[in-house]
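Worksheet: the structure to be examined is printed underneath.
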Ligand SMILES: [Zn+2]
């Protein structure tokens, strides 16, 4: 048996002065509640509070960040139990899936995934041995025994993780029945939604025209007209607000915004509704909708999040066989300075608007994003996200963004995950890395100790609450 340990100094500098400062700062933030303003947990878990099932379903089959790595090394997705669109047989024996995973666990050495998984094994399940082919069955059994217990149900874990509030992400077409059930249940856990309109603002989204029609039905508006379509958004946003939403989220291929005259908007909308849109029109329409969403946010106060720069479904064969969200989304080069100008020209100086920018293109932090956020009052910088939600990604972010945007134009951490059990681990990594960064500034006499002690809880807890109005 090989021991599994979480070292108390992990992620801190090996320099003794910096490490001592890091530990002192971390002691003040490690037990602060978790505020999770953006993520993809399933509200049904908290609504129904049913057990999570088995270890393979929880850690592997549902997590494309785990199985993409195995796929890259020749493991068939069928052998991990990923359902095929054509209904062909895939592995359904959870223990065998787990053994395949354990046989390939070495692939995660040095990755944040490995840290998150080990943290969950150790802290959530009390496991004290490393996952290897030899320990695979014992760990599988241990996790499954725990998951069957009442104190491992979703609400109990939510409370144990010290989550103050968590946001899920829903389409305007979602009736939010799970959120309604949570709110009616009397349970104290705070689960809020976020308005993610991609299916009804992206003409290239599968089923766009039907989605727009359904949006009209749900909102009681005629979405065959531009006016009615905008009114339907306003109506659904109000409904989302009534279910706790404080933000919207926009996952576009680029950060392009447009600011067309009303007559041109009507004509473009009519064109995209007719179908067979060309890529340029689709891009302009998405861009116009970012500007429209900013206008609506000025009225209803929802904070906007813009998440551009992912090329979805890069691998057509995987898309064909398994569908979307199978680990084949790949970052692309992203422009912000020119792309955001139409929206900024219109709303960049509005004191009541907050737009949080994310990137998958780290080359823009120092050149574009930090200078933009360090000037425009509406702009804030979201934390390193997705592929860059790693110790190195977080350090690169602070190193490149602080010089121009400072700390107060950033918004704390978000876990952006559907892997519920990894949430404490992810927030712990962010807190440790921020303390490490502050400790370095103190050790180099660029920041006084009292300032670092004031900043640490800002980065771990306060900034995110203020920025997202949570
Ligand atoms: Zn997300």
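In our numbering, the protein residues as written are 87 to 556. Glycine included, each C-beta is placed from N, C-alpha and C at the ideal position.
Query	Result
Helix, strand or coil for residue 251? Go by DSSP, reduced to three states.	strand
Ligand 1 and residue 513: does the residue's C-beta get closer than 7 Å to at least one heavy atom of that ligand?	no
Residue 338: beta carbon under 7 Å from a heavy atom of ligand 1?	no
Determine the DSSP secondary structure at residue 396, reduced to helix, strand or coil.	strand
Nearest CA to the CA of residue 331: which residue from 338, 228, 323?	323
Can you tell which of 447, 475, 305, 441 has the C-alpha that lies nearest to the C-alpha of residue 460?	441
Helix or strand or just coil, what does DSSP make of residue 315?	helix
In terms of alpha-carbon separation, which member of 104, 111, 103, 172 lies closest to residue 404?	172
Can at least three beta-carbon pairs, one atom from the stretch 200-209 and one from the stretch 509-523, be found at a separation below 8 Å?	yes
Kindly indicate which residue of 307, 254, 522, 240 has the alpha-carbon position closest to the one of residue 136.	240
Taking the CB atoms as reference points, tell me whether residue 519 and residue 97 lie closer together than 8 Å.	yes
In whole angstroms, what is the alpha-carbon distance linking residue 262 and residue 329?	8 Å
Taking Cβ positions, are residue 443 and residue 467 nearer each other than 8 Å?	yes
When burial is assigned at 16 or more other CB atoms within 10 Å of the CB, is residue 446 buried or exposed?	buried
Just confirm the distance between the C-beta atoms of residue 433 and residue 384, as a whole number of angstroms; I'd bet it's less than 8 Å.	7 Å
Mapping DSSP to helix, strand and coil, what is residue 159?	coil
Go ahead and label residue 253 buried or exposed: buried means 16 or more other beta carbons lie within 10 angstroms of its beta carbon, across all protein chains shown.	buried
Does DSSP classify residue 334 as helix, strand or coil?	strand
Using DSSP with H/G/I as helix, E/B as strand and the rest coil, what is residue 478?	helix
If you run the structure through DSSP and keep just helix, strand and coil, what is residue 329?	coil
I'd like the span of the beta strand (DSSP E) that includes residue 466, first residue to last.	465-467
Counting only runs of 4+ residues fully inside the stretch 133-158, write out the alpha helix (DSSP H) ranges in chain order.	150-158
Assess, as a yes-or-no matter, whether the stretch 331-345 is touched by the stretch 291-310 under the definition of 3 or more beta carbon pairs within less than 8 Å.	no
Assign residue 201 to buried or exposed, taking buried as 16 or more other Cβ atoms, counted over all protein chains shown, within 10 Å of its Cβ.	buried
Tell whether a beta-carbon distance below 8 Å holds between residue 498 and residue 546.	yes
Taking 7 Å as the cut-off, is the CB of residue 124 close to at least one heavy atom of ligand 1?	yes
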